[in-house]
Amino acid sequence: LPLLIDLWRTSPLKKNGTVTDIGGVIKRYNKLLLKLEMVQGDSSITIEAQSEIHKLKEGISFLSDRINYPHFTMKELNTTIGSHLNVRTPAARSIISSLFDGLYFDNTTFKHYTSHLVQKSFLTKLQEEIKTDVDTVISELYEMIDILAK
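Reading the sequence shown from the start, the letters are residues 1 to 150 in the numbering used here.
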């Protein structure tokens, strides 16, 4: 989910066959919303948006489009994965904390899957999978959106 949230924020839109590049998305965002945040919690994704009252209807329409009609490409996928993998190794205190979390939280919990080592391993494998079958990876992301947003 952290990857999906970042892709939602940085990808173009494709609605009714028309692709709006990220520049167009940002223009629409700046015109309609004061603020937009997507945050993953322990068991949820929280989406917050602020709009002026006279732009509320259009702002909600934009938010719906942003969530339901992202346009994922190999470029955005590689860029987003690369930025996650280029994060420096956490400090010793964070690693120790992650090890203790690993003792308590098993692989059925959000905490397990957001640890640095699990994310790094997953993203490295995903990066390799993209080289051979990007269409399947992108298809799986769209399936996640169907489950989460529609």
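Backbone N, C-alpha and C fix where the C-beta goes; we use that ideal spot for every residue, glycine too.
- Taking C-beta separations shorter than 8 Å and ignoring five residues to either side along the sequence, the partners of Leu7 in its chain run Pro70, Phe72, Glu76, Leu77, Thr80, Leu141, following chain order.
- Between the alpha carbons of Asp133 and Ser51 lies a distance of about 40 Å.
- Rounded to the nearest whole angstrom, the CA to CA distance from Glu48 to Gln40 is 12 Å.
- In the DSSP assignment, Thr80 falls within the alpha helix (DSSP H) that extends over 74-85.
- Of all alpha-carbon atoms in Ser11, Leu3, Ile147, the one lying nearest the alpha-carbon of Gly24 is that of Ser11.
- Measuring C-alpha to C-alpha distances from Gly17 to each of Arg9, Leu34, Asp65 identifies Asp65 as the nearest.
- Distances from the alpha-carbon of Ile5 to those of Ile22, Thr20, Gly82, Thr46 put Thr46 closest.
- Contact check for Leu123 against Leu85 passes: the beta carbons are separated by less than 7 Å.
- With contacts defined as CB atoms closer than 7 Å, Glu58 and Leu32 qualify as a contacting pair.
- Restricting attention to Asn107, Arg9, Ile130, the CA atom closest to the CA of Ile22 is found in Arg9.
- Each residue's CA atom was taken as its position, placing Ile67 and Leu56 some 16 Å apart.
- According to DSSP, residue pairing for Met38 in a beta bridge involves Ile47.
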